[in-house]
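Undergrad:
There are 2 protein chains.
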Amino acid sequence: MGNGTSAKDRAYRDTKARILDGSLPGGELITEGQVADALAMSRTPVREAFLRLEAEGLLRLFPKRGALVVAVSPAEVEAVLEAREVVEGHALGKLCEAPTAEREAVARALHEVLYVQRAALADDDEPAFAEADRRFHITIVESTRNPILLELYASLRDRQLRINLGSLDRGPRRPQEILAQHEAIVDALAPGRADEARARLRDHLDATRVAVAGTRSPAAS
Amino acid sequence: MGNGTSAKDRAYRDTKARILDGSLPGGELITEGQVADALAMSRTPVREAFLRLEAEGLLRLFPKRGALVVAVSPAEVEAVLEAREVVEGHALGKLCEAPTAEREAVARALHEVLYVQRAALADDDEPAFAEADRRFHITIVESTRNPILLELYASLRDRQLRINLGSLDRGPRRPQEILAQHEAIVDALAPGRADEARARLRDHLDATRVAVAGTRSPAAS
DNA sequence: CGGGAACCGGATGCATACAAGATGCATCGA
DNA sequence: TCGATGCATCTTGTATGCATCCGGTTCCCG
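Taken in sequence, the protein lines are chains A and B.
Quick note: the first sequence, position 192, residue 192 per UniProt numbering, numbers continuous.
Quick note: the second sequence, position 99, residue 99 per UniProt numbering, numbers continuous.
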């Protein structure tokens, strides 16, 4: 999609960023006019951005009423995590049985990401750590070379971001745990060990589930 | 999404239908103005419909140029079938290990669908057969109760429709084959037989792959 | 004091107007 | 003859205007 600097894209990126970083909390009601005024453009491009955000599940449009920033619900958390397990699990399984050359190429890429992530942890560089985390999972899904799955996964990652916002994902030992689980996943990347790789993925996602569980704000109805 | 009779929805449904039934073949270049005139509305709602269709992978928008009806490529066929296998396979596996009551409820629903599909075959009622086919697969995916996976699957089914258009999916024995494969899938729905159910699904999708293979028109570049 | 209808403000849905980018062709020059 | 340039035309991108619809409030009447 045009990442050019069209008004539509600005509206899309700005609003999405505000939703993902929490400055537009779930339950908030926003209007096309507000965003249009804030970005000094007309309602038309904002409208298109809203439609796209609704398709991504971040907004819910109410006819003649406004746009509701959807609150993260436990059901959504579960749906996102299940979908992630399905997509990433498939990618891991496929990768285990892929030709050696390809599997090792991806494994090398993953090791590189882990190296960066370890360094970020050592430097206490949270953004770099998060970015490496993102690269790790995306690299796995990219290995399927399936644009449909990849696009779905991109949307899942966005939702995950928002989910993590309200969670205690920042426990002191959590980064180490994440890193260890990533390493366990990569270590299981070998022919015949697909089930194990998927099990390690499940461990990883379960940890996210735990980190997120019970930390939701009641979400303005 | 509002299935009300708004202009936007009419533009969306009409254009989508025309793409899916082949009256707008892949490679065709259409414009907002054409559709707007044809439906006696302004460009605004058409534009929104186009954006949505692009998100679904049916159109590709070229800035200031027009909208290209994307031609089905072998790569897309493969991507759709792989994604279907991932989603439906997950649903089947989950269903096999689900509580007995739930599994049997879904199995009953599937048997009902198969009954309808058999009747449609006997009556030589192609639309009814296709609709039953659709219900069969959707019922499986619905059993996950995961709206994300369900929505993805809906989009996959649409793409599959278009893929089937240019295929020899109408071989004389093909309906019997489909029905038999559906039955094999349902028969494998039992605890501990998840792998078998997935294998039967793979058989089914492989048959589609074969039916579609080598029947593509060269697709205007 | 309570209930219902009219009213008002605000937001969207769509139509229309205008500006700007892109393409293809005709034209012009070497 | 061939290539570059400018133009005509088509299409999108964005702005703006207006009608409609919704919800909350007010006002009137019983």
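The C-beta atom is built at its ideal place from N, Cα and C for all residues, glycine as well.
Identify whether A:Arg173 lies in helix, strand or coil by the three-state DSSP scheme.
TA: Residue 173 of chain A sits at position 173 when you count from the first residue of the first sequence. In this structure, A:Arg173 counts as coil in the three-state DSSP scheme.
Undergrad: Curious, which full-length beta strand (DSSP E) runs of at least 3 residues does the stretch 67-94 of chain A contain?
TA: The qualifying runs do not exist here; there are none.
Undergrad: State the Cα-Cα distance for the pair A:Pro191 and B:Leu152, rounded to the nearest angstrom.
TA: Taking the first sequence and counting its residues from 1, the one referred to as residue 191 of chain A is at position 191. Taking the second sequence and counting its residues from 1, the one referred to as residue 152 of chain B is at position 152. A:Pro191 and B:Leu152: Cα-Cα distance of roughly 30 Å.
Undergrad: Considering Cα atoms alone, identify which of A:Ala11, A:Leu165, A:Lys94 is closest to A:Gly37.
TA: As a first step, residue 37 of chain A is located in the first sequence; it is residue number 37 there, counting from the start. One detail in the question is off: residue 37 of chain A reads as Asp in this sequence, not Gly. Answer by Cα proximity: A:Ala11.
Undergrad: Assuming A:Asp124 contacts A:Glu56 (C-beta within less than 8 Å), just tell me the rounded distance between them.
TA: Counting from one through the first sequence, the residue named residue 124 of chain A turns up at place 124. Counting from one through the first sequence, the residue named residue 56 of chain A turns up at place 56. Between A:Glu56 and A:Asp124 the Cβ distance is about 32 Å, and since that is not below 8 Å, they are no contact.
Undergrad: Assuming A:Asp133 contacts A:Ile178 under a Cβ cut-off of 8 Å, what Cβ separation, rounded to an integer in Å, is found between them?
TA: By 1-based counting over the first sequence, the position of residue 133 of chain A is 133. By 1-based counting over the first sequence, the position of residue 178 of chain A is 178. About 7 Å; that satisfies the 8 Å criterion.
Undergrad: Beta-carbon within less than 8 Å of A:Arg202's beta-carbon, same chain only, minus the 5 sequence neighbours each way: which residues are those?
TA: Here residue 202 of chain A corresponds to residue number 202 of the first sequence, with the count starting at 1. Closer than 8 Å at the Cβ level, and outside the excluded window around A:Arg202, lie Glu85, Gly89.
Undergrad: For the ligand MG, is there a heavy atom less than 6 Å away from the beta-carbon of B:Gln34?
TA: You won't find the ligand MG in this model; it holds no ligand whatsoever.
Undergrad: Using the C-alpha atoms, what's the distance from A:Arg193 back to B:Pro99?
TA: For this step, residue 99 of chain B is matched to residue 99 along the second sequence. For this step, residue 193 of chain A is matched to residue 193 along the first sequence. Near 28 Å, if we compare the C-alpha coordinates of A:Arg193 and B:Pro99.
Undergrad: Just mark B:Leu29 as buried or exposed, buried being the case when its beta carbon has 16 or more other beta carbons within 10 Å.
TA: Stepping through the second sequence from its first residue, residue 29 of chain B is reached at position 29. Flag for B:Leu29 reads exposed.
Undergrad: Does the Cβ of B:Phe62 have 16 or more other Cβ atoms within 10 Å, making it buried, or fewer, making it exposed?
TA: On the second sequence, position 62 is the one that residue 62 of chain B refers to. It is exposed - the Cβ of B:Phe62 has fewer than 16 other Cβ atoms within 10 Å.
Undergrad: Identify the continuous alpha helix (DSSP H) that holds A:Arg159 and give its terminal residues.
TA: Here the question's residue 159 of chain A lines up with position 159 in the first sequence. Looking at the DSSP string, the run of the alpha helix (DSSP H) that includes A:Arg159 is 147-165.
Undergrad: How should A:Pro172 be labelled, buried or exposed, when 16 other C-beta atoms within 10 angstroms of its C-beta is the threshold for buried?
TA: For the purposes of this step, residue 172 of chain A is identified with residue 172 of the first sequence, where counting begins at 1. A:Pro172 should be labelled exposed.
Undergrad: Taking 7 Å as the CB-CB cut-off, is B:His90 touching chain A?
TA: Here residue 90 of chain B refers to the residue found at position 90 when the second sequence is read from its first residue. With 7 Å as the cut-off, B:His90 counts as an interface residue toward chain A.
Undergrad: I need the DSSP call for A:Arg60, collapsed to helix, strand or coil.
TA: Translated into the one-based positions of the first sequence, residue 60 of chain A becomes position 60. Looking at A:Arg60 - three-state DSSP - the assignment turns out to be strand.
Undergrad: Per DSSP, which residues does A:Ile30 bridge with? Please list them.
TA: Walking along the first sequence from the start, residue 30 of chain A turns up at place 30. Answer by DSSP bridge pairing, in chain order: A:Ala67.
Undergrad: From B:Ala197, B:Pro175, B:Ala188, pick the residue whose C-alpha is nearest to that of B:Ala211; which is it?
TA: Stepping through the second sequence from its first residue, residue 211 of chain B is reached at position 211. Ranking the options by Cα distance to B:Ala211, first place goes to B:Pro175.
Undergrad: Can A:Ile19 and A:Leu81 be called in contact, C-beta distance under 7 Å?
TA: Taking the first residue of the first sequence as position 1, residue 19 of chain A is located at position 19. Taking the first residue of the first sequence as position 1, residue 81 of chain A is located at position 81. Cβ atoms of A:Ile19 and A:Leu81: not closer than 7 Å.
Undergrad: Measuring straight from C-alpha to C-alpha, what distance separates A:Glu196 and A:Asp206?
TA: For this step, residue 196 of chain A is matched to residue 196 along the first sequence. For this step, residue 206 of chain A is matched to residue 206 along the first sequence. When rounded, the distance between both Cα atoms is 15 Å.
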